[in-house]
Every structure is written in C-alpha cells, then in structure tokens.
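Take a look at the structure below.
Residue numbers (the working numbering): 22 to 289.
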C-alpha cells in the first residue's frame with residue numbers, strides 16, 4: 022500500500038471508530054452525567070465559602086473543581102472504550118470496519134486511537150464549555166473573557182492528556198489480554214491503583230505512564246498555578262512544555278507497544 026492509501030485507510034478506521042462510540046447507547050448517559058456535574062459545579066455552592074467567595078479567584082477555583090471532576094470521569098470513560106475497542110477486535114478475529122480495502126493492523130491501531138481521542142475531546146470540550154456557561158450565568162461573569170477562555174483551553178488540554186494516556190494504556194492491556202472481562206478488569210484496576218493508591222513512588226522512572234501524574238504535574242504546578250488570577254497562557258506553557266513533551270512521548274510509546282503486540286506487520 023502507498024502512503025496516501027494507508028492514510029486514507031487510517032482515517033476511514035478513525036471515522037468508523039468515532040461513529041461506533043458516538044452512537045453507542047451509553048453516550049447519552051455519559052453526556053447527561055457530565056451535564057449534571059457541569060451545572061452543579063456551575064452553581065458554585067462550595068466555591069462561595071471555600072474558594073475565595075464571589076470573586077475572580079472564587080470563579081477560577083470553581084472552574085478548577087469542575088475540571089477535576091471532568092478529567093476523572095473522562096479518564097474512566099477512556100479506559101472502557103479503549104480496552105473494549107481492542108479486546109473485542111481480537112476476540113472476534115474480524116476487522117468489520119474495513120471490508121473492501123487492505124489494511125495494515127498498525128494502521129488499525131492508529132485509526133482507533135485517533136477516532137477515540139476525537140470522541141474524548143468532544144466530551145471534554147462539551148463538559149468544560151457548559152460548565153463555563155453555567156459559572157458565568159450562576160456565579161460571576163469573568164472580568165476578562167479572553168483569559169477565562171484561555172484557561173478553559175488549558176484545562177481541556179490537560180484533560181485530553183489524562184484521558185489519552187488512560188486510553189492508550191487501556192488499548193495496550195486489551196492487546197495483551199484477549200479475554201474481554203479480564204482485560205477490562207485489569208485496566209480498571211490499573212486506573213484505580215494509579216488514581217487512589219499510587220505506584221510512582223515505587224517506580225518513579227515510569228511516572229510518565231501514570232495518568233494521575235500527568236494531570237497533577239500539569240494542573241498542580243507551583244511554577245504556574247492555574248488558580249492564580251494573574252497567570253497567562255504563555256506563562257503556563259513556558260512552565261509545562263517539557264512535561265507535555267514527555268507525556269505525549271509516553272502516549273506514543275504506549276501506542277507503539279500496542280502495535281508491536283497486536284501486529285506482525287501483515288495485511289488483513
């Protein structure tokens with residue numbers, strides 16, 4: 022296959038994978054849950070007394086709390102869609118998304134990863150924008166709307182790194198373990214241990230493969246705290262560009278490992 026043909030096949034897989042999860046019966050449930058959480062956080066019930074009251078600082082505190090909920094729930098969603106995507110494909114021994122074109126299996130992995138990441142981006146952006154609207158209407162209008170939107174963009178980026186790393190690790194587990202129940206259980210156990218127990222203290226040199234470490238390093242940054250009213254987008258990127266690079270590299274390495282296990286470079 023030529024490079025344009027492989028690119029076309031990869032894009033075809035990505036579109037089919039996005040459509041598969043977008044039209045899944047559970048997607049409306051996920052959207053309704055995130056909608057409820059966004060509006061609930063937008064009401065600013067705790068921010069009024071904990072995060073600085075009805076001030077600009079309180080507004081950004083409440084936005085940060087909404088981001089935390091969104092990132093965690095989207096990470097859980099990413100784990101399930103990731104592991105099921107690969108495990109079902111291996112269990113069924115079929116490539117239903119492509120019946121009329123030759124396809125390298127590594128292109129299948131890349132296509133699935135792209136399609137699922139676009140889906141996660143849609144969910145994250147929807148939730149954060151809805152929360153921002155709710156905050157503006159129910160809590161306090163931002164003094165600088167452009168700065169407020171830039172923070173939403175940063176939060177969306179951090180949530181995407183968190184979800185994408187969780188997704189890629191889940192796909193890797195799905196490629197290693199063919200049994201759907203076992204692979205799903207292992208993926209959920211990994212995210213639970215990573216998020217609530219922690220393991221990076223034992224293997225600090227692998228901390229870039231920890232979704233929680235990714236989120237905390239980018240969100241809770243002493244050099245560029247997103248809770249600071251005076252922080253600019255440029256200052257945040259200057260302080261976190263290296264961290265972003267290493268986390269993206271971890272995502273790429275996890276994807277390559279999935280390809281190495283799932284494929285032998287043959288055409289299917």
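Glycine is no exception: its CB is placed at the ideal position from the N, C-alpha and C atoms. These numbers were taken from a predicted model, which means no experiment stands behind them.
Hey, residue i and residue j: beta-carbon distance below 8 Å or not?
i	j	result
residue 171	residue 91	no
residue 145	residue 192	no
residue 141	residue 208	no
residue 194	residue 98	no
residue 41	residue 283	no
residue 82	residue 55	no
residue 89	residue 179	no
residue 153	residue 169	yes
residue 137	residue 106	yes
residue 151	residue 59	yes
residue 77	residue 164	yes
How many angstroms separate the CA atom of residue i from the CA atom of residue j?
i	j	result
residue 31	residue 250	42 Å
residue 134	residue 39	10 Å
residue 202	residue 48	21 Å
residue 28	residue 36	12 Å
residue 156	residue 174	16 Å
residue 216	residue 177	19 Å
residue 228	residue 199	26 Å
residue 238	residue 248	14 Å
residue 158	residue 80	11 Å
residue 280	residue 273	11 Å
residue 264	residue 102	26 Å
residue 206	residue 259	38 Å
residue 34	residue 132	5 Å
residue 100	residue 45	15 Å
residue 197	residue 277	13 Å
residue 234	residue 139	22 Å
residue 85	residue 43	27 Å
residue 57	residue 270	34 Å
Taking all protein chains shown into account, decide if residue i is buried (16 or more other Cβ within 10 angstroms of its Cβ) or exposed.
i	result
residue 230	buried
residue 211	buried
residue 87	buried
residue 241	exposed
residue 255	exposed
residue 214	exposed
residue 188	buried
residue 129	buried
residue 266	exposed
residue 26	exposed
Is residue i close to chain D, meaning its C-beta is less than 8 Å from at least one C-beta of that chain?
i	result
residue 101	Included in the structure is just one protein chain, with no chain D present.
Next on the checklist: Runs of 4 residues minimum, wholly inside the region 170-252: which ones carry the alpha helix (DSSP H) assignment?
Outcome noted: 201-213 and 232-240
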